[in-house]
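Asker: The structure's right below; bear with me while I get my questions together.
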DNA sequence: GGCCGTAGTGGGCGCGCTCCCAAATCGCTC
DNA sequence: GAGCGATTTGGGAGCGCGCCCACTACGGCC
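Written out as structure tokens, the structure is:
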């Protein structure tokens, strides 16, 4: 019996059904739906009514098939350790990205990659051009995922960079100035033996923060001593361990700049165990200004990174890159800010 | 000039190109790709070689168009306030979901909904059947988003429930027993004036946790007094405020069970301001066992929810529901566990 | 030797859409 | 009133794939 036009498959109305109801051709409906020019007001209105009446929603797969655009971007999080859980940093990034995308037709795909298998799946996924662009955070220097992304030639934006010559577009925070400001603050407090706990050596941010530390000391006329530098991996445990080492190597240490809040938390724990008062005996500054910084005892002075803004900027950059593929290589550096609380 | 088969659009090989190279028909290639039976070893091997040589990856849009499946599920987070940022709970859920999906062909779409506009977009999105199923967390009793999802008839699983008669499938943690265990612990410590700070009244979990509090008190032969019950909204600020009220209404309070860690943090702050020692004067228990619980001073006793496992269970349930749509209404309750630290 | 399975195979059809071109219509000008 | 460009319109073609049906081969059976 008279099965109406476009009423075959899922029962959802098609372009054709709308066209029939509006008494126009498919082309016209398509033009209206896509906001293209060259449609008479009469036709447009007829189509709009038909769309409303039928509750028409374009089929994305069909559109995608012909335009060969995916209408989606991926946010890749290389989920080493259990960082996603403990790093509100990522959550903020996600927020920023999502908010920037919200008046776009683009979908946000979240892709967590930790195992080798997942990496391979990601490769197939990108090769299949299932997304129009890629956002990636927490990249290490020789990150295989980043290299994978680079190979695909897809528009991509990194949060953070792998080196000073990062070939991909990226958004980063001003780690140098942030670290510098933190250490300068410590020096300004009259501290003489200022130590630092760095991040993982294969991350650019670690090196840059260390450099900021160096410069601030040099400017203050203080020596940069190897025994005042300990290495961590951004985790709480590594911070505790590193602080213990520092105390052993230089008992007279009176301040420490940690390249992450989590490490600062660990450091504070080590200090407490060693019966040092914070900040009287040892002043502590962290980096990230994550929520945990407000809850330490005493509340932690930390370098704020505008993480949500970072997410937004990343999304913006990617959008531009997708729109104008030939576009030149770009980067954005967001400024940081020292939030002074009671630990230093 | 001889433009090779399937070499028109994006330059990526198509089924047809693979078929040509392997010297078979499209149907056979399709069968191999989809692991269907009824392909001779000879043909299969030829096709596999051709696929490898060409680096063929199926075009998802085309497949999607004909199967009318989206190959994706959505994780919807109604992002009231700035909870995503501060709630590692969500991050764990995401982790769990992603890990459960990782050996599936399904994509995870993250959808944050806060404004009315975004809600409308979501409606169109779901109506467009752009996903095969929906996961949703943090649902309030009269959540318009949940109702929207319910209307679409899409397979859906909630994290938490809206009422005891939740019509949608859901995964929840055992709030009743969790709260009960917490309060029982406080009573076991000899506390006589045990207060509670509840979550937002329009969330089922709040009511259930309060009920757990009630039962534990009753079992201990203690009266449940209105002045010992204050209401918050899970946020830190609300916890601080509620604790202040409690202290005013009943200065003799010697313990407080908070329905979230964040509120417990706020409560601890209020207690400190009122010069009460924790736990000597007032014992404090939180709920969630979020990372922040380990960093309070003193470290907080809290009820652990298996949030990552919740995410996994949600995904599992949804997968089943997608596979077998007629399936009956199901729910999973995950058990909680009291983690005793120093605050109680 | 003819007949009927059964496993394997090829390819037409259509999913819903955008692209594009030819056709229709309109409004002016001379 | 004819002519011409500009605007608007309809609909064919084809995106890459899964579904399905017709067809071929190959045995084994009576």
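Residue numbers (this note's numbering), protein chains in the order written: chain A, 794 to 1137; chain B, 794 to 1137.
We put the beta carbon where it would ideally sit given N, CA and C, even for glycine.
1) Taking 9 Å as the CB-CB cut-off, is residue 1122 of chain A touching chain B?
2) With H, G and I counted as helix, E and B as strand and the rest as coil, what does DSSP make of residue 971 of chain A?
3) Within the same chain, show all residues whose beta-carbon is closer than 6 Å to that of residue 1005 of chain A, passing over the 5 residues directly before and after it, in chain order.
4) In three-state DSSP terms, what is residue 945 of chain A?
5) Measure the C-alpha to C-alpha separation of residue 932 of chain A and residue 1123 of chain A and round it to an integer number of angstroms.
6) Only counting runs of 4 or more residues, tell me where the alpha helix (DSSP H) segments fall wholly within the segment 1070-1097 of chain A, in order along the chain.
7) Would you call the segment 1107-1121 of chain B in contact with the segment 1080-1091 of chain B, where contact means no fewer than 3 C-beta pairs closer than 8 Å?
8) Between residue 982 of chain B and chain A, is any beta-carbon pair separated by less than 9 Å?
9) One question on the structure: do residue 840 of chain B and residue 815 of chain B come within less than 9 Å of each other, judged by their Cβ atoms?
10) Which residue from A:826, A:806, A:885, A:958 puts its Cα closest to that of residue 846 of chain A?
11) Is the segment 919-934 of chain A touching the segment 904-921 of chain B in the sense that three or more CB pairs, one from each, lie closer than 8 Å?
12) Return helix, strand or coil for residue 965 of chain A, following the three-state DSSP convention.
13) Answer with buried or exposed for residue 897 of chain A, where buried requires no fewer than 16 other C-beta atoms within 10 angstroms of its C-beta.
14) At what residue ranges does the segment 903-932 of chain B contain a whole run of the beta strand (DSSP E), taking only runs of 3 or more?
15) CB residue 1076 of chain A to CB residue 984 of chain A, shorter than 9 Å?
16) Residue 810 of chain A lies in the alpha helix (DSSP H); which residues open and close that run?
17) Please report whether the beta-carbon of residue 827 of chain A lies at a distance below 9 Å from any beta-carbon of chain B.
18) Here's the rule: buried if 16 or more other CB atoms are within 10 angstroms of the residue's CB, otherwise exposed. What is residue 877 of chain A?
19) Taking beta-carbon pairs under 9 Å, can you tell me which members of the segment 911-938 of chain A lie near chain B?
20) In chain A, what lies closer than 7 Å to residue 1088 of chain B by C-beta?
21) Determine, using beta carbons only, whether residue 1160 of chain B comes closer than 9 Å to chain A.
22) I'd like the ranges of any alpha helix (DSSP H) spanning at least 4 consecutive residues and lying wholly in the segment 965-1034 of chain A.
23) Interface residues of chain A around residue 853 of chain B at Cβ under 7 Å?
24) Three or more C-beta pairs under 8 Å: does that hold for the segment 1058-1065 of chain B against the segment 1001-1020 of chain B?
25) Does the beta carbon of residue 903 of chain B come closer than 9 Å to any beta carbon on chain A?
26) What first and last residue would you give for the alpha helix (DSSP H) that runs through residue 871 of chain B?
27) Measure the CB-CB distance between residue 1102 of chain B and residue 953 of chain B and report whether it falls below 9 Å.
28) Should residue 868 of chain A be flagged as near chain B, meaning a C-beta pair shorter than 9 Å?
29) Looking at C-alpha atoms only, which residue of A:1078, A:1112, A:1111 is the closest neighbour of residue 1133 of chain A?
30) Run the CB neighbour count on residue 884 of chain B, radius 10 Å, all protein chains shown included, and call it buried at 16 or more, exposed below.
31) Report the CB separation of residue 1015 of chain B from residue 1046 of chain B in whole angstroms; it is logged as a contact under 8 Å.
32) Would DSSP call residue 1048 of chain B helix, strand or coil?
33) Just to confirm, is the Cβ distance from residue 822 of chain B to residue 812 of chain B under 9 Å?
34) Taking residue 868 of chain B and residue 919 of chain B to be in contact with their CB atoms under 8 Å, please state how far apart those CB atoms are, rounded to whole angstroms.
35) For the alpha helix (DSSP H) containing residue 822 of chain B, name the first residue and the last one.
36) For chain B, is any of its Cβ atoms less than 9 Å away from the one on residue 1137 of chain A?
Answerer: Short version:
1) Translated into positions along the first chain, residue 1122 of chain A becomes position 329. Residue 1122 of chain A does not count as touching chain B.
2) Here residue 971 of chain A refers to the residue found at position 178 when the first chain is read from its first residue. Three-state DSSP puts residue 971 of chain A in a helix.
3) Position 212 of the first chain holds residue 1005 of chain A. Answer for residue 1005 of chain A: 969, 972, 973, listed in chain order.
4) Taking the first residue of the first chain as position 1, residue 945 of chain A is located at position 152. The three-state secondary structure of residue 945 of chain A, taken from DSSP, is helix.
5) Translated into the one-based positions of the first chain, residue 932 of chain A becomes position 139. Translated into the one-based positions of the first chain, residue 1123 of chain A becomes position 330. Residue 932 of chain A and residue 1123 of chain A: Cα-Cα distance of roughly 17 Å.
6) Counting only runs of 4 or more, we get 1085-1088.
7) Contact between the segment 1107-1121 of chain B and the segment 1080-1091 of chain B is absent: fewer than three C-beta pairs spanning the two stretches fall below 8 Å.
8) Residue numbering aside, residue 982 of chain B sits at position 189 when the second chain is read from its first letter. With 9 Å as the cut-off, residue 982 of chain B does not count as an interface residue toward chain A.
9) Within the second chain, residue 840 of chain B is the residue found at index 47, counting from 1. Within the second chain, residue 815 of chain B is the residue found at index 22, counting from 1. Yes, they are a contact pair.
10) Walking along the first chain from the start, residue 846 of chain A turns up at place 53. It is A:806 whose Cα lies nearest to the Cα of residue 846 of chain A.
11) Contact between the segment 904-921 of chain B and the segment 919-934 of chain A is absent, because fewer than three Cβ pairs lie under 8 Å.
12) Within the first chain, residue 965 of chain A is the residue found at index 172, counting from 1. In the structure shown, residue 965 of chain A adopts extended strand secondary structure according to DSSP, grouped into three states.
13) Locating residue 897 of chain A in the first chain gives position 104, counting from the first residue. Taking a 10 Å sphere around the C-beta of residue 897 of chain A, we find fewer than 16 other C-beta atoms and assign the residue as exposed.
14) Correct list: 926-930.
15) Numbered from 1 along the first chain, position 283 holds the residue referred to as residue 1076 of chain A. Numbered from 1 along the first chain, position 191 holds the residue referred to as residue 984 of chain A. Taking 9 Å as the Cβ cut-off, residue 1076 of chain A and residue 984 of chain A qualify as a contacting pair.
16) Reading the first chain from its first residue, position 17 is the one you call residue 810 of chain A. The continuous alpha helix (DSSP H) containing residue 810 of chain A extends over residues 808-815.
17) Residue 827 of chain A sits at position 34 when you count from the first residue of the first chain. Between residue 827 of chain A and chain B, the shortest Cβ-Cβ separation is not below 9 Å.
18) Position 84 of the first chain holds residue 877 of chain A. Residue confidence is low: residue 877 of chain A scores 49 on pLDDT, short of 50, so the model does not pin down where it sits. No coordinate-derived value is stated.
19) Identification of residues in the segment 911-938 of chain A having a C-beta nearer than 9 Å to some C-beta of chain B yields 911, 914, 917, 918, 920, 921, 922, 923, given in sequence order.
20) Mapped onto the second chain, residue 1088 of chain B falls at position 295. Residues of chain A with a Cβ closer than 7 Å to the Cβ of residue 1088 of chain B are, in chain order, 1058, 1085, 1088, 1089.
21) The shown model of chain B, from 794 to 1137, leaves out residue 1160 of chain B, and the question about it has no answer.
22) Listed in chain order, they are 968-981, 997-1012.
23) Position 60 of the second chain holds residue 853 of chain B. What residue 853 of chain B touches in chain A: 921, 923.
24) Output reads no: the segment 1001-1020 of chain B does not touch the segment 1058-1065 of chain B.
25) Taking the second chain and counting its residues from 1, the one referred to as residue 903 of chain B is at position 110. Yes - at least one Cβ of chain A is within 9 Å of the one on residue 903 of chain B.
26) To locate residue 871 of chain B, count along the second chain from 1; it is residue 78. For residue 871 of chain B, there is no enclosing alpha helix (DSSP H); the enclosing beta strand (DSSP E) covers residues 865-871.
27) If you number the second chain from 1, residue 1102 of chain B lands on position 309. If you number the second chain from 1, residue 953 of chain B lands on position 160. Result no, Cβ atoms of residue 1102 of chain B and residue 953 of chain B do not sit closer than 9 Å.
28) Numbered from 1 along the first chain, position 75 holds the residue referred to as residue 868 of chain A. Yes - at least one Cβ of chain B is within 9 Å of the one on residue 868 of chain A.
29) On the first chain, residue 1133 of chain A is found 340 positions in, with the first residue counted as 1. Per the Cα distances, A:1078.
30) Working through the second chain from its first residue, we reach residue 884 of chain B at position 91. Burial of residue 884 of chain B is indicated by the presence of at least 16 other C-beta atoms within 10 angstroms of its C-beta.
31) Position 222 of the second chain, counted from the start, is the residue given in the question as residue 1015 of chain B. Position 253 of the second chain, counted from the start, is the residue given in the question as residue 1046 of chain B. Going by Cβ atoms, the distance from residue 1015 of chain B to residue 1046 of chain B rounds to 13 Å, so no, they are not a contact pair.
32) Here residue 1048 of chain B is taken as the residue at index 255 of the second chain, counted from 1. The answer is strand: DSSP assigns residue 1048 of chain B an E or B state.
33) Here residue 822 of chain B refers to the residue found at position 29 of the second chain. Here residue 812 of chain B refers to the residue found at position 19 of the second chain. Contact: yes.
34) Translated into positions along the second chain, residue 868 of chain B becomes position 75. Translated into positions along the second chain, residue 919 of chain B becomes position 126. The beta carbons of residue 868 of chain B and residue 919 of chain B sit about 13 Å from each other, so the pair does not count as a contact at 8 Å.
35) The sequence position of residue 822 of chain B within the second chain is 29, counting from 1. Counting along the chain, the alpha helix (DSSP H) containing residue 822 of chain B begins and ends at 819-826.
36) Your numbering for residue 1137 of chain A matches position 344 in the first chain. Closer than 9 Å: no.
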